[in-house]
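Numbering (the numbering used here), first residue to last: 1 to 445.
Structural data, given as structure tokens:
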């Protein structure tokens, strides 16, 4: 059984029951000369720290130091409490299918409702759906929803948007003659707001902003929100949910739709998936949202219950007029993110965000202190950052791989002018020793 520590009140109650004043009195019969003094017991560790300590002991038997990965770019190596896998492995969740029959699916429906509620709280929005396939499909659906909301034939996308997300959007909009206009970045790495203003016309359906963007830079959502909200254009934000532990949510800046990938919230790096996309919006746009929506209601006896609601938007009811052709959802993965958020809580999520911030800036400071390495962009970053190196990034990365370190992504794959730049990611799972090893090995190549 699990060990549950006693509270101070519990201890005092037990001592009073047996007629003692302190716990030291329990050991009075033992001669003082035989008692252990100044027992040096380390303070308690978190679950992640315990696992890292055990892994460290195991690695001592290895012939070489374990490989280190500082890869990111949309798939992040975050810590997931063991309770997450334990909960979603229960048969009631693990074998779940779309809960069309609410009378036998209250557990699944409630889990979906909790997921929706948490996503709204996290993003500062008013309503959410039951999930999308991943962050890219959620963003593409947000673009389509913006067109349903406002009409328009243009959508403004930042050049710093994840290149794979952009490809998914291009695929989704091929049949509707929607023009995708690219907005450049500034020297800081964020969206060029002056260019954004000039491209914001009456036939613009949406402005898409990723925060932090693919380069790891945090966007000026307050300024962007003021510009976009002064027009009828929809403001669509795509966010890293971990960052919302320490920065204001897009809902505070007037976003109409907020989406993202829930992978950082308890989902492992499993060869690219499965992940889960979250999709939140304003109540005014509820009927134009894609995907399933779980609602709270009461039964004939007045008891609270949960059902799939507003189903006339969906393809199984009105195929030709459906808001989306997404058939199922990612309920198991959505449940995992729900358990993760419940386990860490608001304060825990803040601590995770702070650890990501501190570790990544520790790495950035260490690397930019080396000869031939500099920060490419001056803007504030979260989780990831871009460094500029002498020579080709691919050559530097290969030399680091030979030393057992995957130090990042060669940005020349996506932006030809950045072929000497590396996108490096540091999460809370990387210790100070890991960061120090990255810097030390980089110094020697």
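Quick reminder that beta carbons are idealized off the backbone N, C-alpha and C, glycines included.
Because the structure is a prediction, the values reported are computed rather than measured.
- The C-beta distance from residue 97 to residue 143 rounds to 29 Å, too long to fall under 8 Å, and the pair is not in contact.
- Shown here, residue 126 sits in coil according to DSSP, grouped into three states, outside any helix or strand.
- Taking 8 Å as the cut-off, the beta carbon of residue 123 is found closer than this to the beta carbon of residue 250.
- Nearest Cα to residue 36 within the set 44, 47, 131, 24: 24.
- By the C-beta density criterion, residue 166 is buried, having at least 16 other C-beta atoms within 10 angstroms.
- Burial of residue 169 is indicated by the presence of at least 16 other C-beta atoms within 10 angstroms of its C-beta.
- By the Cβ criterion, the stretch 423-442 is in contact with the stretch 355-375, since at least three pairs of Cβ atoms, one from each stretch, lie closer than 8 Å.
- DSSP, read as helix, strand or coil, puts residue 404 in coil.
- Counting only runs of 3 or more residues that sit fully inside the stretch 293-326, the beta strand (DSSP E) segments are 293-298, 304-309, in chain order.
- Annotated three-state conformation of residue 211 is strand, per DSSP.
- Secondary structure note for residue 178: it is in no alpha helix (DSSP H), with a DSSP letter that is neither H nor E.
- Boundaries of the beta strand (DSSP E) around residue 422: 421-425.
- Relative to residue 386, the option among 134, 190, 228 whose CA is nearest is 190.
- Between residue 153 and residue 177, the C-beta gap is smaller than 8 Å, which places the two residues in contact.
- Pairwise C-beta distances place the stretch 239-253 out of contact with the stretch 194-202, as fewer than three of them are shorter than 8 Å.
- Between the C-alpha atoms of residue 354 and residue 348 there is a straight-line separation of about 10 Å.
- Note that the stretch 229-237 does not touch the stretch 83-93; fewer than 3 beta-carbon pairs, one per stretch, sit closer than 8 Å.
- Under the three-state reduction of DSSP output, residue 335 falls in the helix class.
- Secondary structure note for residue 277: its beta strand (DSSP E) is the uninterrupted segment 277-281.
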